[in-house]
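Read through the structure below, which is laid out as structure tokens, and then see the notes.
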Amino acid sequence: MMISILDTTLREGEQTPGVYFDTHIKLAVADLLSRIGVDIVEAGHPAVTEQIREAVRQLAHRGLRPRIGAHARSLETDVELALECGVSFLGVFYCVSDERLEGNKRTLNDAIDQICATVRYARQRNSDLLIRYTPEDAVRSPFANVLQAASAAVEAGADIISIADTTGYMIPGTSRNMFDYVRDLREGLAAKNLRPRIAVHCHNDRGLALANALDAYRAGASIIDASVLGLGERAGIVDLATLLTVLRFDYNEGPQWDLTLLPELYELVSRFAGIPIPATLPVMGGNAFKHCAGIHTQAAVRDPRHYQSLPPELVGRRSEIALDHMSGLSSIRACLTEIGEVAEDGLVRALLQRVKQIGQTGRTVDLHELSLLVNALRHPTPVAAMETVP
1 MMISILDTTL REGEQTPGVY FDTHIKLAVA DLLSRIGVDI VEAGHPAVTE QIREAVRQLA
61 HRGLRPRIGA HARSLETDVE LALECGVSFL GVFYCVSDER LEGNKRTLND AIDQICATVR
121 YARQRNSDLL IRYTPEDAVR SPFANVLQAA SAAVEAGADI ISIADTTGYM IPGTSRNMFD
181 YVRDLREGLA AKNLRPRIAV HCHNDRGLAL ANALDAYRAG ASIIDASVLG LGERAGIVDL
241 ATLLTVLRFD YNEGPQWDLT LLPELYELVS RFAGIPIPAT LPVMGGNAFK HCAGIHTQAA
301 VRDPRHYQSL PPELVGRRSE IALDHMSGLS SIRACLTEIG EVAEDGLVRA LLQRVKQIGQ
361 TGRTVDLHEL SLLVNALRHP TPVAAMETVP
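The sequence shown runs 1 to 390 under the working numbering.
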């Protein structure tokens, strides 16, 4: 089964402190996600505000290719609000950890009864609805609790079980790794003759969200949640662009994805989230395909593969050279060629000296400024004779 991508920028992403997208921005984001080729757009939790509910409603009726989904607690009232919006995907959640159950004065059987009643209600209301049940904080809950709740949810009508690493707890290569967890849950469900799709929702608290998501993918998970810029609670979740690029380039998934639209999507979300794209962000960061040190640049000019393992054209980017105090002669020559100037030896050396001086002030020289430097060196202003003022 091919991998499916669920983008939750408009739901999990709005749980980033200070982030809110107006409805017209949400429509624009969803349009781009549809053109890129994601499978599910999680549009929000309709019970939170009337504004979110209206945005979910508009997205659900926009006629986009992806399924438009809504988030809901395991409550019929939440489900009803979501279904009134016209969504084709519904995600319900309920934590079954012993601590949370005790804190809520519920038994595991109480929780399962509520989960199943909610799932059955949603299924009765819409037989074509794609229903996901998420045992929140699944990986820190007793596995027996998760398996029991997941099995009951599937028997009640859930199509998908999502493994939520709600606190970014999992670490590849240790006893708490996502590969083993996905495998064990799939096997536990299969032993009951239950074969739902398995999704994963990986938080990035330890910086391992992508690694955990790929572990899950290799173990048979067929849906991965992600968001633009990895937006979400605390340190966020899996970054969409990085995930899509690795799956496409390294695992040969998603030949239908148009990754060249990612820069436009990231600029849009960054602008209206009020969160800059980090320069060092993989794939979409300003420095992701930029070469700086002279030795690196010299080799990269001959063949970018010497210092690039991903083709920037895959994601609508291009290789660049940064000019600063680390630059060498090859960097200057390459940039002169790019702006259509002849790389005369004397000019190249004079430019390198000036570029290094500017670089030591803490900034780089872009191609426009390089052309200004060329003009200044080729056409120096004569020093006017001093006039004596009477």
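By construction, the Cβ of each residue, glycine as well, lies at the ideal position given by its N, Cα and C atoms. From a predicted model like this one, the values you see are computed outputs, not experimental measurements.
| Query | Result |
| --- | --- |
| For Arg234 and Leu243, the rounded distance between their alpha carbons | 19 Å |
| Whether Leu74 touches Thr118 by CB criterion (8 Å) | For the record, residue 74 in the displayed sequence is Ser; it is not Leu. Yes, these two residues count as a Cβ contact at 8 Å. |
| Cβ-based burial, Lys105 [other Cβ within 10 Å; buried from 16] | exposed |
| Identity of the residues DSSP links to Ile160 by a beta bridge | Arg132, Arg197 |
| Strand pairing of Ala72, partner residues [DSSP] | Val92 |
| Span separating the alpha-carbon of Val87 from that of Val342 | 60 Å |
| Close Cβ partners of Pro380 (< 8 Å) along its chain, the five nearest in sequence each way excluded | none |
| Alpha-carbon to alpha-carbon, Arg186 and Arg195 | 7 Å |
| Separation of Ile36 from Pro382, as counted between CA atoms | 55 Å |
| Leu259 beta carbon less than 8 Å from that of Arg248 | yes |
| For Arg305 and Phe143, the rounded distance between their alpha carbons | 45 Å |
| Helix, strand or coil at Leu373 according to DSSP, with G and I counted as helix | helix |
| Sufficient close CB pairs (3 or more, under 8 Å) joining the segment 322-333 to the segment 250-265 | no |
| Where Pro382 sits in the DSSP three-state scheme | coil |
| Beta strand (DSSP E) segment containing Ser4, residue limits | 4-7 |
| Length of the line joining the Cα atoms of Ala385 and Leu281 | Its pLDDT being 49, under 50, Ala385 is placed unreliably in this model, and the value from its coordinates should be taken loosely. Going from the Cα of Ala385 to the Cα of Leu281 covers about 53 Å. |
| According to DSSP, residues forming a beta bridge with His203 | Ile237 |
| Where His291 falls: helix, strand or coil (DSSP) | strand |
| Local conformation of Leu231 per DSSP, three classes | coil |
| Contact set for Ala376: own chain, Cβ-Cβ below 7 Å, skip 5 residues either direction | none |
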